[in-house]
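**Student:** Let me give you the structure first, and then I'll get to my questions.
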Amino acid sequence: FRSLTPAELERRRYFVGASEVAILFGLPSFGNRTVSDLWFEKKYGTTESKGNASMALGNKLEPLVLEAAEDRLGTRIVDRQKWITLGNNGATLDGRLINNGPVVEAKTSGIVGPSRLAEWGDDGSSDCPDNYLIQVQAQLLVTGAEMAYLAALIGGRGFAMFEIQPHAELM
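Here the sequence shown is numbered in our numbering, starting from 1 and rising by one per residue.
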């Protein structure tokens, strides 16, 4: 994971990113931002990505979570950190399976900070925290992918993968 350049941050001002959509629904978001924070960032821009210790560790662990997903799926994950737009919507993909296949989103949860263990369903299900589900639906919208995998390293549980299908009403 790398910090975004000032030019990348400026470009993103003109799009609602997949990780920002949860904010519009009042759900927990990347950096615990509020609708007011998002409005200010879109209106005036920002000079840096906001974060905390949990997010910093998650960013460092993301390549390992994606590697575990590759092992589970038996194929390579490409298009890592690729920025894609559709209309006013945008998404930075954690990855995608080869040949424009399913989106792969990597998460860490409950490693640092409070546990969200109860929000996660069975391995292979689509049951995951609402803010992650909304983010993945936004990625499905932008990419047109037929499905997505959410690969997660969950505190107190370990590695799990969730299969997310497009949901027209959410998209």
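The C-beta atom is built at its ideal place from N, Cα and C for all residues, glycine as well.
Leaving aside the five residues before and after Q165 along the sequence, list all residues of the same chain whose C-beta is less than 6 Å from its C-beta, in chain order.
**Tutor:** Cβ neighbours of Q165 beyond the five flanking positions: M147.
**Student:** Looking at the strands, I want to know which residues DSSP matches up with I164.
**Tutor:** Answer by DSSP bridge pairing, in chain order: A148.
**Student:** Rounded C-beta distance between L86 and L150? I'm assuming under 8 Å.
**Tutor:** Going by Cβ atoms, the distance from L86 to L150 rounds to 20 Å, so no, they are not a contact pair.
**Student:** To which residues does DSSP link I84 through a beta bridge?
**Tutor:** DSSP, once it has assigned bridges, lists A91 as partnering I84.
**Student:** Are L97 and G156 closer than 8 Å when you measure CB to CB?
**Tutor:** No.
**Student:** Measuring CA to CA, which of F159, M171, A138 is closest to R72?
**Tutor:** Residue F159 is the option with its Cα nearest to R72.
**Student:** Whose CA, out of E41, G113, L4, N59, lies closest to the CA of E105?
**Tutor:** For the residues E41, G113, L4, N59, the minimum Cα distance to E105 belongs to N59.
**Student:** Restricting to Cα atoms, I'd like to know which of E8, F15, R11 is closest to A138.
**Tutor:** Per the Cα distances, F15.
**Student:** For T108 and L153, which I take to be in contact (beta-carbon distance under 8 Å), what is that distance rounded to the nearest angstrom?
**Tutor:** Right, the Cβ-Cβ distance comes to about 5 Å (below 8 Å), so this counts as a contact.
**Student:** Identify whether R96 lies in helix, strand or coil by the three-state DSSP scheme.
**Tutor:** The answer is strand: DSSP assigns R96 an E or B state.
**Student:** What separation, rounded to the nearest whole angstrom, lies between the Cα atoms of V35 and A22?
**Tutor:** If you take the alpha carbons of V35 and A22, they lie about 10 Å apart.
**Student:** Between which residues of its own chain and R13 is the CB-CB distance below 6 Å, once the five residues before and five after are set aside?
**Tutor:** Closer than 6 Å at the Cβ level, and outside the excluded window around R13, lie K42, G45.
**Student:** How about V136 and S54: are their beta carbons less than 8 Å apart?
**Tutor:** Going by C-beta atoms, V136 is not nearer than 8 Å to S54.
**Student:** Once the 5 residues before and after R80 are set aside, which same chain residues still bring their CB inside 6 Å of it?
**Tutor:** Excluding residues within five positions, the ones whose Cβ falls inside 6 Å are G95.
**Student:** Rounded C-beta distance between G17 and G90? I'm assuming under 8 Å.
**Tutor:** Confirmed, about 5 Å.
**Student:** Relative to the C-alpha of L24, which residue among H167, T143, I134 is closest?
**Tutor:** The residue with the shortest Cα to Cα distance from L24 is I134.
**Student:** Go ahead and label L66 buried or exposed: buried means 16 or more other beta carbons lie within 10 angstroms of its beta carbon, across all protein chains shown.
**Tutor:** Burial call: buried.
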